[in-house]
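Notes for the one structure printed next.
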Amino acid sequence: MSYERSIVHMDLDTFFVSCERLLDSRLNGKPVLIGGTSDRGVVASCSYEARTFGIHSAMPMRLAKQLCPEAIILRGNSGVYTKFSQNVTDVIKETVPLYEKTSVDEFYIDLTGMDKFFGCHKLASELRQRIIKETGLPISFGLSINKTVSKIATGEAKPNNEIRILSGTEKPFLAPLSVKKIPMVGNVTYKALCDLGVKRIQTVQEMPMELMHRVLGQNGLSIWKKANGIDNSPVVQYHERKSISTERTFNKDTTDVAKLKGIIIAMAENLAYQLRRGNKLTACVTFKIRYSDFQTYTQQQRIPYSAMDHTIIPVVLDLYRKLYNRRLLVRLIGVKFSHLVEGGHQINLFEDNEKQLHLSEAIDKMRERYGDRAVINAAGMEAKSISRWNPFTGEPPPLLANRRR
């Protein structure tokens, strides 16, 4: 049995600003800018109050300050935003059969066939209300037969609202809108369309498909289809990341063996802790080294599934010893754990002992309470950390990749 498609597009409204307002209610109702705080920075996100001054995302911060001198400017914290994003993802994952997470604040949900059991619009609306209630974040959605129309509908629904486009009404809904509303139409393409006298989607709908193809090539064909509400692209199931890694580039190339070993231990120790906290296990350890002549070498080793320091660190050090053999200055080192699976540590009766397991558990509890660097291996004391957030959904790595020493 085939069902007419029901695709929902959900987008968290001014997401970074909304997160900051949950942390500090004094920001409510005020023009807020998130982004680089220097004049050379850009606006990553701005509140609706700031938009009334003509400010928009990707605008140079210097210009934004000129347009709205009273704006509150915040650098932002990607770890915090990812934590809030994960809270929303958890609610969606518990509720729907198939979803695609396309960014930290944007989701597609396929509810095809759900009308038979529940009602797609009712389900989407109740999901939105649950997200608002449980996370405190405003969110909007569009519901239609495909991803393009739903995404455009979400834009029209904002702020903090919902729109349903009934099957058969896609073209009338799109017709009066600017062609800039079509996904993939950026400034360059918009200018090219304006040069053709095309500013509204209705004009594209009335143009022959062959003309759009001739003028703009394959991109023109895609735009024509989207303008006519045609989009058969599927919702692709969201998968959690299957690896976790970090690298360290030295400001001054080094042959200091003690320094290299200390940072490698710190990298492996911190990544292993992130695995345990995320209830993950790794089955493959990779070490990477880049010399001063930019020659780069990597080597990996499969291991029994583990997240324990005493199992993983010796493997990393062994790989390091195998690769560090050119007697050249070292520019970069990196550690990666892959083939990740869900699950807690399985005791190895031949290698683990009760003392090691209890010690690891106690250390992790202290890290959870006082920070991930509260208790560390003495050899890695000089390595720097950046975040206490679990990194498995795109958060910053636990060690600064670009922290130079």
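Residue numbers (the numbering used here): 2 to 406.
Backbone N, C-alpha and C define an ideal beta-carbon position, used for all residues, glycine too.
Since we're looking at a predicted model, the values are computed, not measured.
- Distances from the alpha-carbon of Ser-179 to those of Pro-160, Tyr-191, Asp-12 put Tyr-191 closest.
- Here Ser-339 is near Cys-285, since their CB atoms are less than 8 Å apart.
- When DSSP states are grouped into helix, strand and coil, Asp-257 belongs to the coil group.
- Between the alpha carbons of Glu-95 and Phe-17 lies a gap of roughly 24 Å.
- The alpha-carbon separation between Gly-80 and Gln-87 amounts to approximately 11 Å.
- The beta carbon of Tyr-325 sits closer than 7 Å to those of Ile-290, all from its chain and outside the five residues before and after it, given in chain order.
- Boundaries of the beta strand (DSSP E) around Val-33: 33-36.
- Ala-308 and Thr-283 have their C-alpha atoms roughly 6 Å apart.
- Non-local C-beta neighbours of Leu-329 in its own chain, meaning closer than 7 Å and more than five positions away in sequence, comprise Tyr-292, Ser-293, Asp-294, ordered along the chain.
- By the Cβ neighbour-count rule, Arg-22 is buried, with 16 or more other Cβ atoms within 10 Å of its own.
- Ranking Thr-256, Arg-129, Gln-203 by CA distance to the CA of Arg-327 puts Thr-256 first.
- A contact between stretches requires three or more CB pairs, one per stretch, nearer than 8 Å, and the stretch 62-81 meets this requirement with the stretch 32-48.
- Secondary structure note for Phe-295: it is in no alpha helix (DSSP H), with a DSSP letter that is neither H nor E.
- DSSP places Cys-47 inside the beta strand (DSSP E), whose first and last residues are 44-47.
- Between His-10 and Tyr-100, the beta carbon gap of about 11 Å keeps them out of contact (Cβ cut-off 8 Å).
- Under the three-state reduction of DSSP, Tyr-306 is assigned to strand.
- Annotated three-state conformation of Phe-108 is strand, per DSSP.
- Going by DSSP, Ile-56 is part of no beta strand (DSSP E) at all; its letter is neither H nor E.
- In its chain, beyond the 5 residues on either side, Leu-128, Arg-131, Ile-132, Glu-135, Thr-136 have a beta carbon closer than 8 Å to the beta carbon of Val-92.
- Just measuring C-alpha positions, the residue of Arg-332, Leu-217, Pro-139 sitting nearest Val-89 is Pro-139.
- Between Glu-157 and Ile-164 a beta carbon distance of about 6 Å is seen, short of the 8 Å cut, so the two are scored as contacting.
- Counting only unbroken stretches of 4 or more residues, the alpha helix (DSSP H) elements lying wholly within the stretch 137-213 are 148-158, 171-175, 188-196, 202-207, in sequence order.
- Distance from the CA of Gln-301 to the CA of Phe-288, rounded to the nearest whole angstrom, comes to 6 Å.
- Contact between Leu-175 and Ala-228 holds: CB atoms are separated by about 6 Å, below the 8 Å threshold.
- Beta-bridge analysis with DSSP links Cys-285 to Arg-303, Ser-339.
- About 6 Å separates the beta carbon of Glu-248 from that of Leu-333, a gap short enough to meet the 8 Å contact definition.
- One Cα belongs to Glu-171, the other to Val-150, and the distance between them is close to 7 Å.
- Per DSSP, the beta bridge partners of Lys-102 are Phe-108.
- CA-to-CA, the gap between Val-44 and Lys-66 works out to about 10 Å.
- Checking the DSSP bridge columns, you'll see Arg-249 partnered with Ile-334.
- Sequence-distant Cβ neighbours of Val-331 in its own chain, meaning closer than 8 Å and more than five residues away, are Phe-251, Asp-254, Thr-255, Thr-256, Leu-261, Ile-290, Arg-291, Tyr-292, Ser-293, Tyr-325.
- Assignment of beta-bridge partners to Ser-19 by DSSP yields no partner.
- Residue Gly-221 holds the alpha-carbon nearest to the alpha-carbon of Met-185 among Gly-221, Lys-84, Tyr-306.
- Here Ala-259 is exposed: its Cβ has fewer than 16 other Cβ atoms, across all protein chains shown, within 10 Å.
- Collapsing the DSSP output to three states places Ile-264 in a helix.
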